[in-house]
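Enquirer: Numbering-wise (full-length UniProt numbering), the sequence shown opens with residue 7 and increments by one.
The C-beta atom is built at its ideal place from N, Cα and C for all residues, glycine as well.
After the structure tokens below, expect a handful of questions from me.
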Amino acid sequence: LPPIPPEIAALTPYEPGKPIEELERELGISGAIKLASNENPLGPSPKAMEAVRRGAGRLHRYPDGAGFELRQALAARFGLQIDNVCLANGSNEIIEFLCRAFIRPGDDAVAAQYAFSMYEKLVAVAGGVLREVALDDFRIDLEAMLAAVGPRTRLVFVNSPHNPAGTAVTRAQFAAFLERLPGGVVVVVDEAYVDFASDPEALNGLEFLGHAKPVVVMRTFSKAYGLAGLRIGYGLAPAPIVAVFNRVRQAFNTSIPAQEGALAALADEDFLRRSKEITWRGLRDFYACFERLGLWYAPSQANFVLTRVGPRAGEVFDLLLRRGVIVRKMHSYHLPEYLRISVGLPEENARFIGELSDILGGGA
Ligand code: PMP
């Protein structure tokens, strides 16, 4: 082997949650429910599935590398021009474009604590360093992030709603932050969960695309649109930044089924509405349960909620697992007393609530 650069050797592979079938096999159980990966419990929209099947009929062809139709539809939806839109293999890939384009050895990027692990990894691969700024009571502290910006800072990631905290930055906080940010820094608003935000004050990065300071908004079809398996997301940005993305991206980074499915999903407004309603109802049920059990939680603008179970969290996680309820433990985030629960179907939420109440002795 050629020498492996130390910054690459130091990385750990992303550990995705195991597929539900594998967990069931390991535990010798069946009928488990997975409330662990912030997926859409409704499944994909039937209209998107139909479009994916249609797209499959053209699999001997290369996709439209420019993604014209989908970019056009996204631009029309958001009142932008097509050259403000870049498609990506999941919104993940936008992070890669940003790092390839803007991070050179010795540069750094700033993100809030518990940042999505891909930020650190992709910044490191480009030779840079990610500086993580502590949250303030599980909220992004934009003042502290501003203080962390140095002369070699090229990117600032603002993940709103934040995963795993579920909290959102307000548009007023963001406007003040942008005013005071020095030049030469791209602000990346990671809005993977923004479709679920119910607070009218919550940041919508789109409103800042025309700002003098460069803002890139990352969005995805993986969550509210239920297409996580298709791998399709997009970036919204000033045209010169999209032009840079087009230089660094692979020619055919999104597939025919992904482009077709996303186009149909975007038009299926009824599905999006149902996704939001089921999420908001599920969150309300979770909050009521946590309050009854005396557990702290962070009111969420996303499709999951973070709760503090206490020193027994690891044991509670295992007991839930054995009863076929899969949630996310937060050990890798150094939050061993916490669990993150994604909203499921009403009957799945009820099952989680019943089992948790039983385990903690609070009655269902
Ligand atoms: N950003 C955040 C904060 C996320 O949690 C995720 C998904 N886990 C992503 C981005 C990427 O999502 P995708 O690549 O599926 O669009």
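Could you check where the alpha helix (DSSP H) with residue 312 kicks off and where it finishes?
Expert: Counting along the chain, residue 312 falls outside any alpha helix (DSSP H), though it belongs to the beta strand (DSSP E) covering 310 to 314.
Enquirer: Quick one: using the 10 Å Cβ neighbour count with 16 as the cut-off for buried, is residue 266 buried or exposed?
Expert: Per the 10 Å Cβ criterion, buried.
Enquirer: Between 16, 121 and 231, which has its C-alpha nearest residue 339's C-alpha?
Expert: Ranking 16, 121 and 231 by Cα distance to residue 339 puts 121 first.
Enquirer: Is there contact here, the segment 157 to 168 with the segment 196 to 204, by at least three beta-carbon pairs under 8 Å?
Expert: Contact holds: three or more Cβ-Cβ distances are below 8 Å.
Enquirer: Mind reading off the beta-carbon distance from residue 310 to residue 346? Whole number of angstroms is fine, and I expect it under 8 Å.
Expert: The pair is a contact, with the Cβ atoms about 5 Å apart (cut-off 8 Å).
Enquirer: Between the Cα of residue 3 and those of 236, 221 and 111, spot the shortest distance and give me the residue it belongs to.
Expert: Residue 3 lies beyond the residue range present for the chain, which begins at 7 and ends at 370; the question has no answer from this structure.
Enquirer: Which of the three DSSP states is assigned to residue 55 in this structure?
Expert: Helix at residue 55.
Enquirer: Roughly how far, in whole angstroms, is the beta-carbon of residue 154 from the beta-carbon of residue 139, given that I think they are within contact range, below 8 Å?
Expert: Residue 154 to residue 139, Cβ: 5 Å. Contact.
Enquirer: Between residue 106 and residue 342, what straight-line distance do the alpha-carbon atoms span, to the nearest angstrom?
Expert: Computed Cα separation, rounded: 34 Å.
Enquirer: Give the single residue among 304, 66, 32 and 80 whose Cα lies nearest to the Cα of residue 243.
Expert: With distances taken between Cα atoms, residue 243 lies closest to 80.
Enquirer: Quick check on residue 5: does DSSP put it in helix, strand or coil?
Expert: Nothing can be reported for residue 5: it is not among the residues displayed for the chain, which extend from 7 to 370.
Enquirer: Taking all protein chains shown into account, do 16 or more other C-beta atoms lie within 10 angstroms of the C-beta of residue 17, making it buried, or fewer, making it exposed?
Expert: With fewer than 16 Cβ atoms within 10 Å of its Cβ, residue 17 is classed as exposed.
Enquirer: Would you report the Cα separation of residue 3 and residue 53, rounded to the nearest angstrom?
Expert: No statement about residue 3 is possible, as the shown extent of the chain runs from 7 to 370 and does not include it.
Enquirer: Could you give the residue range of the beta strand (DSSP E) that holds residue 344?
Expert: Taken as a continuous stretch (DSSP letters only), the beta strand (DSSP E) holding residue 344 covers 344 to 348.
Enquirer: How do the segment 243 to 256 and the segment 218 to 225 stand: do at least 3 beta-carbon pairs fall below 8 Å, yes or no?
Expert: Yes, the segment 243 to 256 touches the segment 218 to 225.
Enquirer: Using a threshold of 8 Å, state whether the C-beta atoms of residue 1 and residue 97 are closer than that.
Expert: Since the displayed the chain opens at 7 and closes at 370, residue 1 lies outside it and no answer follows.
Enquirer: Straight-line CA distance for residue 102 to residue 131?
Expert: Roughly 10 Å separates the two Cα atoms.
Enquirer: At which residue ranges does the segment 130 to 165 contain complete alpha helix (DSSP H) runs of 4 or more residues, listed in the order of the chain?
Expert: With a minimum length of 4 residues, the continuous alpha helix (DSSP H) runs that stay inside the segment 130 to 165 are 148 to 154.
Enquirer: Does ligand 1 have even one heavy atom less than 7 Å from the beta-carbon of residue 226?
Expert: Residue 226 Cβ: within cutoff of ligand 1.
Enquirer: By DSSP, does residue 224 sit in helix, in strand, or in coil?
Expert: Strand at residue 224.
Enquirer: Whole angstroms are fine: how far does the CA of residue 189 sit from the CA of residue 77?
Expert: Computed Cα separation, rounded: 29 Å.
Enquirer: Under the rule that 16 or more other beta-carbon atoms within 10 Å means buried, what is residue 318, buried or exposed?
Expert: Answer is exposed; the Cβ neighbour count stays below 16.
Enquirer: Answer with buried or exposed for residue 37, where buried requires no fewer than 16 other C-beta atoms within 10 angstroms of its C-beta.
Expert: It counts as exposed.
Enquirer: Does the separation of the CB atoms of residue 227 and residue 239 fall below 8 Å?
Expert: Yes.
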